[in-house]
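Numbering (the working numbering), first residue to last: 6 to 90.
Data first, discussion second: the structure below is written as structure tokens.
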């Protein structure tokens, strides 16, 4: 099965105005999870695929912003799942 999928969730820049309209995200991450993660990351900059190694499967480079955990050390289970994937 594919590890990554293309999503149009940012089609109208609803997730992040500094990211492209189409994003590569882990295949197991749903559109609802993306909305949760957007709220947990600065400026909605959720983890998105930037580069995938052509031969070493599983080696990738993603970009994102700092989590908004704050002093209370809030957590976002959807964000943790996405990072693990």
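Virtual Cβ for every residue (Gly too), placed ideally from N, Cα, C.
Since the structure is predicted, the reported quantities are computational estimates derived from the model, not experimental observations.
Contact set for residue i: own chain, Cβ-Cβ below 6 Å, skip 5 residues either direction
i, result
"residue 12", "28 and 30"
"residue 111", "With the chain running from 6 to 90 in the structure shown, residue 111 is simply not present."
Buried/exposed call for residue i, threshold 16 Cβ in 10 Å
i, result
"residue 26", "exposed"
"residue 16", "exposed"
"residue 55", "exposed"
"residue 53", "buried"
8 Å Cβ shell around residue i - same chain, five flanking residues per side excluded
i, result
"residue 36", "12 and 14"
Identity of the residue in the options nearest residue i by Cα
i, options, result
"residue 21", "61, 64, 75 and 40", "40"
Three-way DSSP call (helix, strand, coil) for residue i in this model
i, result
"residue 42", "helix"
"residue 48", "helix"
"residue 86", "helix"
Sequence-distant residues of the same chain with beta carbon closer than 7 Å to residue i, five excluded per side
i, result
"residue 7", "32"
Inter-stretch contact at 8 Å, needing at least 3 Cβ pairs: the segment 70 to 78 / the segment 40 to 56 | They touch, by the three-pair rule.
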